[in-house]
Structure formats: structure tokens, C-alpha cells
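Novice:
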Amino acid sequence: MQIKRKAKKKVPPINASSMADISFLLLAFFLMTTTMDVDTGIARRLPPPVPPQEDIPDIKERNILAVSINKNDWVMVNNKPMDVRMLKEEAKNFLSNPFNSPDLPEKRMDTIPALGGLYEVSKGVISLKNDRGTSYDMYIRVQDELTKAVNELRDELSKKEFGVPFTSLKEDAKIEAVKKAIPIAISEAEPEEY
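Going from the sequence shown to the working numbering is simple: count from 1 and add 27.
Right, here's the structure in full:
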């Protein structure tokens, strides 16, 4: 007796023509619903390089606020330890020199028409130096405090002269006048091991 084997049914082919459409829709969905972290940096414009034939100008010691961060994340200001939370006020006092103290920066007269002609501008420079072992978190905290100091001085001047905070100024001439009166004078040195 012979056993009849049933013939296998042919499986109909799967229609894959819409697979491309589904893949595209899934890709579009994931691109629109996911967020991607964007690396951010410190918004600071570097000064142009000094031409090789030009001498680097000497800066008087009274015009420099030396801020350093060591590998243990200790902040030193003019070789004295300081809490990072006090740095903003120290930088504001240094840059503004409100009482023309002889141990704080000198001032030079600059022509700024939007501020009424001649205006006293600080010659102060904040020199920031960090150790190679300084944590990124502490480095950013120090940068934030120094930037806050400049921003607060600009806000105070803008409110005094124009009646609104610096960030609310609309006219380019007024914005440039405040920036010229209170420049970002932060110099960064190469990291060292100390």
C-alpha cells in the first residue's frame, strides 16, 4: 500500500511594496519625536592674534585680577582662597572700581556718543588660569560667575542710562555703547600643572 502524500500548498508571496512606506513613516516618526543633545560651549569671541612684529603691551599689576583654579577645584583670587560664590561680587567690584581705589584698575577716557561723549572705561583684565586636573564643572562655574559679573554691570549701566536692562535694548547704537563701556575683559592662560 502506498501512502499518498498531499502536495504542499504554495504559500503566496508577501507583498513587500508597502514596506518602504512603513519604514519611511517609522523613520520620520523617530526623527520628529526624539531629541538630540547639542554640545554647547562658552559664547566668547577671542581677540585677534597679535602680529609677530608687534610687542605685547605690558599691563600694570593693579589692572589684573588673577583667578586660578587648581586640580582640587580650589579657586584662588590674587593668590588668596575664595569661595566661587563670592567671585561675581569680587569681579564686579574689580571691573567697576567705584571709588577709584589705587589698588583696583585704572580707568581711561573713551568717546562713547550714546553715553554722552566721554566715558570712563576700566582698564581691568581678569586673568583666568586653571590646572589640567581642574574639573569641567568647576571651570564652567567660574566662567559663569565672571560672565554674570559683566552682565550685571552692563544691566546696571543700561538701566541708569536708558531705563531698561541691557537685554531689553533694541537699538544697535545703545547696545554697542554699553559693550564698549563695559567690555568682556577675560583672558585665559594655558592650563598648567600646579
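For glycine and all other residues, C-beta sits at the position ideal for the given N, C-alpha and C.
Assuming contact is defined by CB atoms lying nearer than 8 Å, are Ala-93 and Asn-105 in contact in what I supplied?
Specialist: In this structure, Asn-105 lies closer than 8 Å to Ala-93 by Cβ.
Novice: Between the Cα of Asn-178 and those of Lys-187, Glu-133, Thr-60 and Pro-210, spot the shortest distance and give me the residue it belongs to.
Specialist: Nearest of Lys-187, Glu-133, Thr-60 and Pro-210 to Asn-178, Cα basis: Pro-210.
Novice: If you draw a straight line from the alpha carbon of Ser-149 to that of Lys-207, how long is it in whole angstroms?
Specialist: C-alpha separation (whole angstroms): 10 Å.
Novice: By the 10 Å Cβ neighbour count, where 16 or more other Cβ atoms means buried, how is Glu-203 classified, buried or exposed?
Specialist: With fewer than 16 other Cβ atoms within 10 Å, it is exposed.
Novice: Within the same chain, show all residues whose beta-carbon is closer than 7 Å to that of Gly-13, passing over the 5 residues directly before and after it, in chain order.
Specialist: Only positions 28 to 221 of the chain appear in the structure, and residue 13 is not among them; the question remains open.
Novice: Name, in chain order, the residues that DSSP records as bridge partners for Asp-137.
Specialist: Tyr-146.
Novice: What does a CB cutoff of less than 6 Å around Ser-95 pick up in its chain, not counting 5 residues either side in sequence?
Specialist: These residues qualify, in order along the chain: Met-103 and Lys-156.
Novice: The beta strand (DSSP E) with Ala-55 in it runs from where to where?
Specialist: It is not in any beta strand (DSSP E) - Ala-55 instead sits in the alpha helix (DSSP H) that spans 46-60.
Novice: With a threshold of 8 Å on Cβ separation, who are the neighbours of Leu-180 within its own chain once the five nearest residues in sequence on each side are excluded?
Specialist: Here the set comprises Lys-119, Leu-122, Ser-123 and Ile-209.
Novice: From this set, Phe-56, Lys-187, Ala-216 and Phe-51, which residue's C-alpha is nearest Ala-141's C-alpha?
Specialist: With distances taken between Cα atoms, Ala-141 lies closest to Lys-187.
Novice: So who's on the other strand from Glu-215, going by DSSP bridges?
Specialist: DSSP lists Leu-155 as partners of Glu-215.
Novice: Pull the bridge partners of Pro-39 from the DSSP assignment, please.
Specialist: None, per the DSSP bridge assignment.
Novice: Glu-198: buried (16+ other C-beta within 10 angstroms of its C-beta) or exposed?
Specialist: Exposed, since its Cβ has fewer than 16 Cβ neighbours within 10 Å.
Novice: Determine which residues share a DSSP beta bridge with Val-104 and list them.
Specialist: Paired residue(s): Val-94 and Lys-107.
Novice: In three-state terms, what does DSSP make of Met-165?
Specialist: Of the three classes helix, strand and coil, the one that applies to Met-165 here is helix, per DSSP.
Novice: How long is the line joining the alpha carbons of Trp-101 and Glu-183, rounded to whole angstroms?
Specialist: Near 30 Å, if we compare the C-alpha coordinates of Glu-183 and Trp-101.
Novice: When burial is assigned at 16 or more other CB atoms within 10 Å of the CB, is Ser-49 buried or exposed?
Specialist: A small fix is needed here, since residue 49 is Ile in this sequence, not Ser. Ile-49 comes out exposed.
Novice: Throw me the rounded Cβ distance for the Arg-89 and Pro-132 pair, which I believe falls under 8 Å.
Specialist: The pair is a contact, with the Cβ atoms about 6 Å apart (cut-off 8 Å).
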